[in-house]
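Student:
Protein chains: 2
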Amino acid sequence: MRRDVFQGIADPTRREILNMVAHRPLNMDTVAEHFDVSRTAIYKHIKILIECGLVDVKQQGRERYCEAKLQKLGEVSDWIDQYREFWETKLDALEKYINELQSKANTETKKKKNYGKQK
Amino acid sequence: MRRDVFQGIADPTRREILNMVAHRPLNMDTVAEHFDVSRTAIYKHIKILIECGLVDVKQQGRERYCEAKLQKLGEVSDWIDQYREFWETKLDALEKYINELQSKANTETKKKKNYGKQK
DNA sequence: TAATTGTGCAACCTTTTGGTTTCACAAATA
DNA sequence: TATTTGTGAAACCAAAAGGTTGCACAATTA
């Protein structure tokens, strides 16, 4: 099964768990008590968070403390950043494309993109 | 079914679709041809992207052009930003918690968080 | 007009997701 | 020692995700 950060944060319960343990490490049951689904259900969510590297577990006596490893969020952040200009300049894809066409027409540059209909 | 941006970008195929149409609007089949799964499978992905507001469709004759609406990525970006200090300062949750404890001990402030074991 | 092209959708399938209840077990506590 | 507490895991379930094939149909093109 696919286990990447994007999937890790896809579920709202998991984002809530992350938010809890981001502030301070918490043991399993403390996390679970915060939700109205079963303890086991929360364990499964935590397991997924562990598998995709967003949470780390430290044993302490019989308790297991979850702590957030938020560095992984950087992957998502980086992915988004490459598109930031598309929305922060208030241009949508179409406007941006038209701009590209116009500058191409003006400077007679050769094609760089390859998604076009090539038939 | 849940339809938010987090879920929209959870699937790698959908991220790839988004990347394609971010650069310029493309009609359905052009997008579909780029993948080795069936056209219908890609349509379903596009449908999800539409439902969570990341893609918009413009009819043009019998063709339907998908264009990216990347503003929605801002929601994810904002969510991540609230945790940025946790990883960019190179502190993990535990260190940060210890720091919090220390400053509390020093200034005798009252508790603000409520995730603690209150039993 | 006939054939092709771009699309939508229904029906169906398998795997994953998100949940449950139940049992087991070791550590801490009365 | 007996009980409570924190955890793990198995067995099971319904629904959602992600995929398929096949048909329908209107717009375009030969």
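For the record, the sequence lines run as chains A and B.
Be aware that the first sequence starts at 1, since it is given in the numbering used here, and climbs by one per residue.
Be aware that the second sequence starts at 1001, since it is given in the numbering used here, and climbs by one per residue.
Just so you know, even glycine gets a beta-carbon here, dropped at the ideal spot from N, CA and C.
#1: Measure how close the beta-carbons of A:Gln7 and B:Ala1010 come, nearest whole angstrom, since I'm counting them as under 8 Å.
#2: Can you have a look at A:Lys124 and say buried or exposed, based on whether 16 or more other CB atoms are within 10 angstroms of its CB?
#3: List, in chain order, every chain B residue whose beta-carbon is nearer than 7 Å to that of A:Tyr83.
#4: What number of angstroms, rounded off, separates the C-alpha of A:Leu70 from the C-alpha of A:His23?
#5: Between the Cα of B:Gln1060 and those of B:Leu1026, B:Leu1018, B:Cys1052 and B:Asp1004, spot the shortest distance and give me the residue it belongs to.
#6: So is B:Ile1080 in contact with chain A if we call contact Cβ pairs under 8 Å?
#7: Tell me which residues share the same chain as B:Lys1112 and place their Cβ nearer than 6 Å to its Cβ, disregarding the 5 neighbours each side in the sequence.
#8: What's the gap between the Cα of A:Phe35 and the Cα of B:Lys1058?
#9: So, are the CB atoms of B:Val1031 and B:Ile1048 less than 8 Å apart?
#10: Going along chain A in order, which residues have a C-beta closer than 9 Å to the C-beta of B:Val1057?
#11: Can you tell me where the alpha helix (DSSP H) holding B:Asp1004 begins and where it ends?
#12: Among A:Cys66, A:Asp56, A:Arg14 and A:Cys52, which has the Cα closest to the Cα of A:Asp29?
#13: Strictly below 7 Å CB to CB, what residues from chain A border B:Gln1007?
#14: Can you give me the C-alpha to C-alpha distance between A:Gly53 and B:Gly1053, rounded to a whole angstrom?
#15: For the stretch 24-74 of chain A, which segments carrying the beta strand (DSSP E) assignment without a break, of at least 3 residues, lie completely within its bounds, in sequence order?
#16: For A:Asp11, which of helix, strand or coil comes out of DSSP?
#17: Taking C-beta to C-beta, are A:Trp87 and B:Gly1074 nearer than 8 Å?
#18: With a cut-off of 8 Å, does the C-beta of A:Val37 fall near any C-beta of chain B?
#19: Does the distance from the C-beta atom of B:Val1005 to that of B:Val1055 stay below 8 Å?
#20: Rounded to the nearest angstrom, what separates B:Arg1039 and A:Arg64 at their Cα positions?
#21: Among B:Ala1068, B:Thr1089, B:Arg1062 and B:Arg1003, which residue has its Cα nearest to the Cα of B:Glu1016?
#22: Kindly list the residues whose CB is nearer than 7 Å to the CB of B:Arg1014, restricted to its own chain and excluding five residues on each side of it in sequence; keep chain order.
Tutor: Short version:
#1: Residue mapping note: residue 7 of chain A aligns to position 7 of the first sequence, counting from 1. Residue mapping note: residue 1010 of chain B aligns to position 10 of the second sequence, counting from 1. Going by Cβ atoms, the distance from A:Gln7 to B:Ala1010 rounds to 5 Å, so yes, they are a contact pair.
#2: For chain A, the structure presents residues 1 to 119; residue 124 of chain A sits outside this window and is missing.
#3: Stepping through the first sequence from its first residue, residue 83 of chain A is reached at position 83. The contacting residues are Ala1022, Leu1070 and Leu1073.
#4: Numbered from 1 along the first sequence, position 70 holds the residue referred to as residue 70 of chain A. Numbered from 1 along the first sequence, position 23 holds the residue referred to as residue 23 of chain A. Roughly 11 Å separates the two Cα atoms.
#5: As a position in the second sequence, residue 1060 of chain B is number 60, starting the count at 1. Taking only the C-alpha atoms, the option nearest B:Gln1060 is B:Leu1026.
#6: Sequence index remark: in the second sequence, residue 1080 of chain B carries index 80 (1-based). Chain A, which has a Cβ nearer than 8 Å to the Cβ of B:Ile1080, makes this yes.
#7: Taking the second sequence and counting its residues from 1, the one referred to as residue 1112 of chain B is at position 112. A caution first: B:Lys1112 carries a pLDDT of 37, below 50, which makes its placement in the model unreliable, though a value can still be read off. Contacts found: none.
#8: Taking the first residue of the first sequence as 1, we reach residue 35 of chain A at position 35. Taking the first residue of the second sequence as 1, we reach residue 1058 of chain B at position 58. Those two C-alpha atoms are separated by around 42 Å.
#9: As a first step, residue 1031 of chain B must be located in the second sequence, where it is residue number 31. As a first step, residue 1048 of chain B must be located in the second sequence, where it is residue number 48. For B:Val1031 and B:Ile1048, no; Cβs fall outside 8 Å.
#10: If you number the second sequence from 1, residue 1057 of chain B lands on position 57. Ordered by position in chain A, no residue passes the 9 Å Cβ test against B:Val1057, which lies about 12 Å from the chain.
#11: One-based indexing of the second sequence puts residue 1004 of chain B at position 4. Careful: B:Asp1004 lies outside any alpha helix (DSSP H) and carries neither H nor E.
#12: Translated into positions along the first sequence, residue 29 of chain A becomes position 29. The shortest Cα separation from A:Asp29 among A:Cys66, A:Asp56, A:Arg14 and A:Cys52 belongs to A:Cys66.
#13: Counted from its first residue, the second sequence places residue 1007 of chain B at position 7. Going along chain A in sequence order, the residues near B:Gln1007 (Cβ under 7 Å) are Ala10.
#14: Reading the first sequence from its first residue, position 53 is the one you call residue 53 of chain A. Reading the second sequence from its first residue, position 53 is the one you call residue 1053 of chain B. Each residue's Cα considered, the two are about 28 Å apart.
#15: 55-60 and 63-68
#16: Here residue 11 of chain A refers to the residue found at position 11 of the first sequence. Coil, per DSSP.
#17: Walking along the first sequence from the start, residue 87 of chain A turns up at place 87. Walking along the second sequence from the start, residue 1074 of chain B turns up at place 74. The answer is yes: Cβ separation under 8 Å.
#18: Counting from one through the first sequence, the residue named residue 37 of chain A turns up at place 37. No, because no Cβ of chain B sits closer than 8 Å to the Cβ of A:Val37.
#19: Stepping through the second sequence from its first residue, residue 1005 of chain B is reached at position 5. Stepping through the second sequence from its first residue, residue 1055 of chain B is reached at position 55. Cβ atoms of B:Val1005 and B:Val1055: not closer than 8 Å.
#20: Sequence index remark: in the second sequence, residue 1039 of chain B carries index 39 (1-based). Sequence index remark: in the first sequence, residue 64 of chain A carries index 64 (1-based). When rounded, the distance between both Cα atoms is 46 Å.
#21: Mapped onto the second sequence, residue 1016 of chain B falls at position 16. Cα-wise, what sits closest to B:Glu1016 is B:Ala1068.
#22: Along the second sequence, one-based indexing puts residue 1014 of chain B at 14. Result list for B:Arg1014: Gly1008, His1045, Ile1048 and Leu1049, in chain order.
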